[in-house]
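Taking it in order: structure first as structure tokens, then the write-up.
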Amino acid sequence: MTEKVKLTWNGKQIEAVKGSNLLQAALDNGQEVAHYCYHAGLSIAGVCRMCMVEQDGVPRPFPSCNATCGEGMVIRNDTPKIKAAVENTLQFHLLNHPLDCPVCDQAGECGLQDYYMKHGQYDSQMIDKKVHKEKVQDIGKNVMLDAERCILCSRCTRFTEEVTKTNELGILNRGDHAEITVNENLKNDYAQNLVDICPVGALTSKDFRFKQRVWFLEEVYTTCIGCETGCSVKVSQNKNGSYRVKPVFDETVNGHWMCDDGRSIYKHVSSPTRLQVASENMNGLFVPADESRVVELVTGKKANFILSTSLTNEEYARFFESIKGSKASVALYTLPTQGPEFDGILRRGDKNANLRGAQKAFEAAGFDHTSAGLDKVLNAISASDVAYVVVPEILYNEDHFNTLLKKIEKASTRIALTPGETLSSMKVFNYLLPVPSFLEKEGHIVNFQGTQRQLNAGLSYGETTKDISYYGKWVNV
Amino acid sequence: MGERMILKKDLYAQHGFLKGLYLGLKITMVNLLSNVFKHNRMTLNYPEEKYFYSDRFKGKHVLTVKEDGTLRCTSCMLCSTYCPAQCIHIVAADDSDKEVEKAPVSFEIEMLRCVFCGFCEEACPVDAIRLTNEYELSGHAEQEWVADHYELAFRKSLNGGRGIQSTVDDNDRLKLRL
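Heads up: the protein sequence lines correspond to chains A and B, in order. Numbers -11 to 465, taken from our numbering, label the letters of the first sequence in order. Numbers 188 to 365, taken from our numbering, label the letters of the second sequence in order.
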């Protein structure tokens, strides 16, 4: 039921769904409400006491996260009473805070820093010694715990309880000695979400640890190509490289979360071993080569293309356009299934990011996209042919890919179009040519639901990457 | 050309130009003779004689050290954030000491880019970087103009290579933590 009600927030009329969360309604309408423990993807705890509001006809302030929207409610959170409540609550949150912002990775995106600038009392009234807890705890799955910085909002314990249902985290002891503890190291495959939902620096990522300060980073909003789910993500990057992947709320696909496998999809993009320029295989060593030599080599020979499933719809279309009218044969290499079909939350075993888009493009161009089609192309390769292999962006199973490479050894000229790192198995190829990675191109992929997902281009880390259709045009030289 | 301008008309009318010439030369001669026979010159015989600036002078940077001789810097990157010339490059890493937690593995300042504004000194929360009164920064064109943390903290001019200990002592800092 989506019956709309009208209520007044700080004298302004806002509209919300009847019975929906009051705090969320305010946030959706662009109102500022300080909050730590409330998270739209988790249950209500009401422990941080930061989102206090006053309602006409109700004698005392109450937390808005634990209230629901009703017709004609008159709510204020800008009264002196509420301001004093928020200020004093924040003071309690900060009483035992170690103030190690200089060494804390959360600095710059920290809830305590943000609200301190708005609601802070600038002189601490603490006269006792601060309570010290254990710092720098590696609790597994790339998560670091600093119990001292924790404000006990309980978002992380609720996450392990409700979302992953693994219950690794809990709050032990009472009063100012209460702290987050692990009964065993994290074992769920969604543990990095704990880092995202922690409003302070208590849970930080070990992968991102001390790599960059967050204010040096810019976000690119794009889509994860780790599996066929296609979660909305943002990748933080600057001119020195890409540093982390975080989920972006998307109601239709991934909600608030993403899996740990998807967190490492950025790594090949700005890796030091990323293929930068066209390279030639000199007895196992790849040295920069002139592109015109490659063109000379492939001229007049039959081309066999083996495409990957991580290209965008637009790239497939441009590629098939470029080889139109030639005798080139094209096949699709699909990645093998990894793990269970679906793990119940987000992750899927099918690791082909754009399988559906590829199939559609192959059918439209009149090529066979099945594994039988791939075998047919591989068997038909003769010694005088040129074999182009588009290397998949994320290779979960390198051995499976190596078996493919064994089959193309018959061709005299073997060329890899690679968006990522130079792998040891690539010694099979005569030439390596760089193509843009998923972070360097605009386009769409089709996920498991059949919906179009947008890929956005960020900074480019390959010096001379060229679109795959550029290489496709060589068949008609 | 405009009208000829004579400033002291009376003097000129009485003595012509010779008096003015004599007065000017007198100042020159007095200074010449006093510089030759009394040593009160303003100029120094650099580099045998050197001028010492006050500690407020903004010269070559120094990274201060702790009691145990390690760098004070926690690599919070506030200096490199604040630096208007963007000449400070820090690479941070985990420190084995849990109290320290984060420490620089590399701290470099591009001396040719630096404008010696002293903002890094102001931004530093732990008194790890200071500008000293060292002003002799000349070098050869081929010279590496990037000062690394060995140079910045342990060059010969700083306590003979032992570095400068910060006055904000670690124990004091722990006391301040309460």
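Just so it is clear, CB atoms sit at the ideal spot from N, CA and C, and this is done for glycine as well.
DSSP puts residue i in a beta bridge; with which residues?
i, result
"Ser193/A", "Val131/A"
"Lys0/A", "Trp(-3)/A"
"Thr56/A", "Asn9/A"
"Phe274/A", "Asn269/A"
"Ala279/B", "Pro291/B"
"His432/A", "Gln442/A"
"Arg336/A", "Phe330/A"
"Ile296/B", "Ile275/B, Ala334/B"
"Ile316/B", "Leu250/B"
"Asp238/A", "Gly243/A"
"Pro422/A", "Thr406/A"
"Glu206/A", "Gln225/A"
"Gln201/B", "Answer by DSSP bridge pairing: none, since Gln201/B is not bridged."
"Asn367/A", "Asn367/A is not bridged to any residue."
For a cutoff of 9 angstroms on Cβ pairs, would you count residue i as touching chain A?
i, result
"Cys270/B", "no"
"Glu323/B", "no"
"Thr261/B", "yes"
"Asp314/B", "no"
"Lys253/B", "no"
"Lys247/B", "no"
"Leu258/B", "no"
"Leu299/B", "no"
"Lys237/B", "no"
"Gln352/B", "no"
"Leu265/B", "yes"
"Ala340/B", "no"
"Asp335/B", "no"
"Lys285/B", "yes"
"Glu288/B", "yes"
"Asp242/B", "no"
"Ala328/B", "no"
Kindly indicate if chain B contains any beta-carbon less than 9 angstroms away from that of residue i.
i, result
"Val188/A", "no"
"Asp195/A", "no"
"Phe204/A", "yes"
"Asp88/A", "yes"
"Arg201/A", "yes"
"Ser198/A", "Here residue 198/A is Phe; the residue named in the question, Ser, does not match the sequence. Yes, Phe198/A counts as interfacial toward chain B."
"Ala135/A", "no"
"Leu447/A", "no"
"Val91/A", "yes"
"Ala360/A", "no"
"Lys123/A", "yes"
"Ala95/A", "yes"
Could you tell me which of the options sits nearest to residue i, measuring between CA atoms?
i, options, result
"Phe239/B", "Arg300/B, Cys307/B, Asn227/B, Tyr322/B", "Tyr322/B"
"Lys415/A", "Ser359/A, Val170/A, Glu397/A, Lys461/A", "Glu397/A"
"Val318/A", "Gln12/A, Pro235/A, Ala375/A", "Ala375/A"
"Phe426/A", "Asn418/A, Ala55/A, Asn342/A, Asp44/A", "Asn342/A"
"Gly128/A", "Ala360/A, Phe204/A, Asn271/A, Leu191/A", "Leu191/A"
"Gly288/A", "Lys315/A, Ser252/A, Arg201/A", "Lys315/A"
"Lys227/A", "Ile253/A, Glu206/A, Glu268/A, Asp373/A", "Glu206/A"
"Gly163/A", "Cys144/A, Ile139/A, Thr152/A", "Ile139/A"
"Arg338/A", "Gln347/A, Pro328/A, Leu10/A, Gly345/A", "The sequence given here places Asp at residue 338/A; Arg does not occur at that position. The residue with the shortest Cα to Cα distance from Asp338/A is Pro328/A."
"Leu100/A", "Cys141/A, Thr56/A, Glu451/A", "Cys141/A"
"Pro407/A", "Cys98/A, Ile115/A, Leu263/A", "Leu263/A"
"Met105/A", "Asp44/A, Gln125/A, Leu82/A, Met114/A", "Leu82/A"
"Met61/A", "Arg48/A, Glu42/A, Thr67/A", "Glu42/A"
Throw me the rounded Cβ distance for the residue i and residue j pair, which I believe falls under 8 angstroms.
i, j, result
"Leu258/B", "Val252/B", "6 angstroms"
"Thr322/A", "Asn340/A", "5 angstroms"
"Lys117/A", "Asp134/A", "Incorrect: roughly 18 angstroms between the Cβ atoms, too far for contact."
"His23/A", "Cys53/A", "6 angstroms"
"Lys(-6)/A", "Gln1/A", "6 angstroms"
"Lys194/A", "Asp126/A", "7 angstroms"
Shorter than 8 angstroms, the distance from the beta carbon of residue i to the closest heavy atom of the ligand GDP, or not?
i, result
"Asp335/B", "In the structure shown, the ligand GDP is absent, as is every other ligand, since no ligand is present at all."
Query raised in the report: Three or more C-beta pairs closer than 8 angstroms, one from the segment 208 to 217 of chain A and one from the segment 434 to 453 of chain A: is that the case here?
Result: Taking a cut-off of 8 angstroms on C-beta distances, the segment 208 to 217 of chain A touches the segment 434 to 453 of chain A, as three or more cross pairs fall below it.
Report task. Indicate whether the contact test is met: 3 or more Cβ pairs, each with one atom in the segment 236 to 248 of chain A and one in the segment 397 to 413 of chain A, closer than 8 angstroms. Result -> Result no; under three Cβ-Cβ pairs closer than 8 angstroms.
Query raised in the report: Using 8 angstroms as the Cβ pair cut-off and three pairs as the minimum, do the segment 35 to 50 of chain A and the segment 71 to 82 of chain A touch?
Result: The segment 35 to 50 of chain A makes contact with the segment 71 to 82 of chain A: 3 or more CB pairs, one atom from each, lie closer than 8 angstroms.
Report task. Take every Cβ of the segment 324 to 337 of chain B, pair it with every Cβ of the segment 294 to 308 of chain B, and state whether three or more of those distances are shorter than 8 angstroms. Result -> Cβ pair count under 8 angstroms is three or more, so yes.
Query raised in the report: Touching or not, the segment 285 to 299 of chain A and the segment 374 to 388 of chain A, by the rule of three or more beta carbon pairs under 8 angstroms?
Result: Touching, yes.
Query raised in the report: So, do the segment 78 to 94 of chain A and the segment 176 to 195 of chain A have three or more beta carbon pairs nearer to each other than 8 angstroms?
Result: Enough Cβ pairs lie closer than 8 angstroms, so yes.
Query raised in the report: Are the segment 143 to 158 of chain A and the segment 312 to 319 of chain B in contact at 8 angstroms, needing three or more beta carbon pairs?
Result: Short answer: they don't touch.
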